[in-house]
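Residue numbers (our numbering): 337 to 854.
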């Protein structure tokens, strides 16, 4: 059985925003007015159509403005000052703020529950710590309303962090009933996978760095202050530094070499999102994240929302550090998911979260088109020392089950499968939508993608497929979206982009049906 994969970025440069012509200022003011009007009308529509009742307040998480005047305003909600976990939704509006629909949690019965806990934070922290199986546990409780996949309940959300047995970072959100003391739900707070690797991958590439106090540092001011650190995650970990701005030697004998791969991978991922979708960083706010390379002697990489960072293990005797380009793209895309749909990391929504990172990790690889890392639909093949993309990889998209664990087709059991394997149907869908079914060779790798219903699929190309998926993620999906909801979201996105009677919409429907999502 194949092992599984994981998620990071840094700090900010705002000079471009400080200087503008009068014309640009007017354009910005107009955009601000449209955005403000859209939010105002969305709030009004939410009160009528999304179950926003007494004691609830809304917070705008994101706003997408369409060229035709439509808007999509993503809200989170609070109840008597407490975050409602799983209560997020998107209001979709036509030009002028005319209501069209709501995606996500509607809570049409409102919220009717006491907000005074009878279980103490300390007791909840102890209960949560005993519910996880990793070491070095630290717990931080926060009172919330839990409405994800269940009737709303007052709960302590306890972020339990520590280290796995192999030294890799571990984290779990454990929700403890604040009235009765039982564990209501849990899911990972550190999103990670496991893999084995090959090579150090970029070759000689340009790096954006910063000269500080006579030393160059791996800080990229042109991409939000993205920073790459040399050592385990922590407040005292040093940045990579160098005297002559010539970094690494292509071998693990230099600690800088893996830093080059990570720093370059984040730069290419940033550029992909910005140049393809106009997204300016993970949160679309122009701010970068941090990367911690040489985080420990483990075969893993991870993204953490709490530190807004990525952490890369050094691998083992069979692997190199897990800093391959599609791994970096995968991890940073976990951050994008967090700042948009916020797909909960368990069940079907967790599988979609993983698939989203696989999809955009793959698209970053195609965008970069590096000679030493030929783009493909295979995830993590570069991290194996024994390089063989036909057999050594973390996951692959044309027939996910070839990794020994992933599902090719959706079933009622999908929600009970590990999220790295329940990602399979969405990865399979994306490959079919991009390339179609059947046998073909792409960049020297042989693919043969089946369908679950025996149909023949004609692809529309990876760029169109990714454009549809990105809009589905950022406009229609919410934290509780399942596979059926992902189909609806993709059909809606394709309709927006290409029209209801387009070839692309027909292909989206056919590709989802081909993986048994009808």
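Every residue, glycine too, gets a C-beta built ideally from N, C-alpha and C.
Member of 571, 521 and 575 whose CA lies at the smallest distance from the CA of residue 545: Residue 545 sits at position 209 when you count from the first residue of the chain shown. Measuring from the Cα of residue 545, the nearest candidate turns out to be 575.
Three-way DSSP call (helix, strand, coil) for residue 532 in this model: Counted from its first residue, the chain shown places residue 532 at position 196. Residue placement at residue 532 is poorly supported in this model, since its pLDDT is 23, which falls under 50; the coordinates still yield a value, given next. Reduced to three states, the DSSP call for residue 532 is coil.
C-alpha distance - residue 278 paired with residue 599, whole-angstrom precision: Limits of the chain in this structure are 337 at one end and 854 at the other, which puts residue 278 out of reach.
Which residues DSSP lists as bridging residue 610, in chain order: Against the chain shown, residue 610 aligns to sequence position 274. According to DSSP, which records beta bridges pairwise, residue 610 is partnered with nothing at all.
Closest Cα partner of residue 698 within the set 662, 846, 474 and 673: Residue mapping note: residue 698 aligns to position 362 of the chain shown, counting from 1. Taking only the C-alpha atoms, the option nearest residue 698 is 662.
Segments assigned alpha helix (DSSP H), at least 4 residues, entirely inside the region 620-676: 661-675
Alpha-carbon spacing of residue 747 relative to residue 558, whole angstroms: Walking along the chain shown from the start, residue 747 turns up at place 411. Walking along the chain shown from the start, residue 558 turns up at place 222. Computed Cα separation, rounded: 45 Å.
Reduced DSSP secondary structure (H/G/I, E/B, other) of residue 385: Indexing the chain shown from 1 puts residue 385 at position 49. Residue state, collapsed to three classes: helix.
Three-way DSSP call (helix, strand, coil) for residue 793 in this model: Taking the chain shown and counting its residues from 1, the one referred to as residue 793 is at position 457. Here residue 793 sits in coil by DSSP.
Every unbroken beta strand (DSSP E) inside the region 521-582 [3 residues or more]: 526-530, 546-548, 551-553 and 562-566
Separation of residue 692 from residue 473, as counted between CA atoms: The count along the chain shown starts at 1 and reaches residue 473 at position 137. The count along the chain shown starts at 1 and reaches residue 692 at position 356. Each residue's alpha carbon lies about 29 Å from the other.
Span separating the alpha-carbon of residue 452 from that of residue 490: Locating residue 452 in the chain shown gives position 116, counting from the first residue. Locating residue 490 in the chain shown gives position 154, counting from the first residue. In a straight line, the C-alpha of residue 452 is about 8 Å away from that of residue 490.
Exposure of residue 688, with buried meaning 16 or more beta-carbon neighbours within 10 Å: Position 352 of the chain shown, counted from the first residue, corresponds to residue 688. Under this definition residue 688 is a buried residue.
Beta-bridge partners of residue 425, as assigned by DSSP: Position 89 of the chain shown, counted from the start, is the residue given in the question as residue 425. 411 and 440.
CB-CB length for residue 844 against residue 768, believed under 8 Å: Sequence index remark: in the chain shown, residue 844 carries index 508 (1-based). Sequence index remark: in the chain shown, residue 768 carries index 432 (1-based). With 8 Å as the limit, residue 844 and residue 768 do not qualify as a contact, their Cβ atoms being about 10 Å apart.
Separation of residue 628 from residue 766, as counted between CA atoms: Numbered from 1 along the chain shown, position 430 holds the residue referred to as residue 766. Numbered from 1 along the chain shown, position 292 holds the residue referred to as residue 628. When rounded, the distance between both Cα atoms is 31 Å.
Residue(s) in a DSSP beta bridge with residue 509: Looking up residue 509 in the chain shown gives position 173. Its beta-bridge partners are 495 and 523.
Between the CA atoms of residue 725 and residue 715 - distance to the nearest angstrom: The residue labelled residue 715 in the question sits at position 379 within the chain shown. The residue labelled residue 725 in the question sits at position 389 within the chain shown. Straight-line Cα distance between these residues: approximately 9 Å.
Nearest candidate by alpha-carbon position, reference residue 605, set 805, 771, 742 and 701: The sequence position of residue 605 within the chain shown is 269, counting from 1. Among 805, 771, 742 and 701, the Cα nearest to that of residue 605 belongs to 701.
Close beta carbons around residue 647, own chain, < 6 Å, minus the five adjacent residues each side: As a working note, residue 647 is residue 311 in the chain shown. Closer than 6 Å at Cβ, skipping near neighbours: 505, 569, 628, 631 and 638.
Segment limits, beta strand (DSSP E) that includes residue 397: Translated into positions along the chain shown, residue 397 becomes position 61. Where residue 397 is concerned, the enclosing beta strand (DSSP E) stretches over 392-401.
First through last residue of the beta strand (DSSP E) which encompasses residue 774: The count along the chain shown starts at 1 and reaches residue 774 at position 438. Looking at the DSSP string, the run of the beta strand (DSSP E) that includes residue 774 is 774-778.
Continuous beta strand (DSSP E) assignments of at least 3 residues falling wholly in the region 436-491: 471-482
Proximity winner among 681, 827, 572 and 562, relative to residue 601 (alpha-carbon distances): Working through the chain shown from its first residue, we reach residue 601 at position 265. It is 562 whose Cα lies nearest to the Cα of residue 601.
DSSP state of residue 709 mapped onto helix, strand, coil: As a working note, residue 709 is residue 373 in the chain shown. Note: residue 709 maps to strand in three-state DSSP.
Residue environment, residue 466, which counts as buried when at least 16 other CB atoms sit within 10 Å: Taking the first residue of the chain shown as 1, we reach residue 466 at position 130. Exposed.
Per-residue burial, residue 534 [other beta carbons within 10 Å of its own, 16 or more giving buried]: In the chain shown, counting from the first residue as 1, residue 534 sits at position 198. Caution applies to residue 534, whose pLDDT of 26 falls short of 50 and renders its modelled position unreliable; the model cannot decide the point.
Which of helix, strand or coil DSSP assigns to residue 851: As a first step, residue 851 is located in the chain shown; it is residue number 515 there, counting from the start. Residue 851 falls in the coil class under three-state DSSP.
Where residue 723 sits in the DSSP three-state scheme: Looking up residue 723 in the chain shown gives position 387. Coil.
Classification of residue 778 by the beta-carbon crowding that lies within 10 angstroms, buried from 16 upward: Here residue 778 is taken as the residue at index 442 of the chain shown, counted from 1. Flag for residue 778 reads exposed.
Within 8 Å, strictly: CB atoms of residue 394 and residue 480: Indexing the chain shown from 1 puts residue 394 at position 58. Indexing the chain shown from 1 puts residue 480 at position 144. No, these two residues do not count as a Cβ contact at 8 Å.
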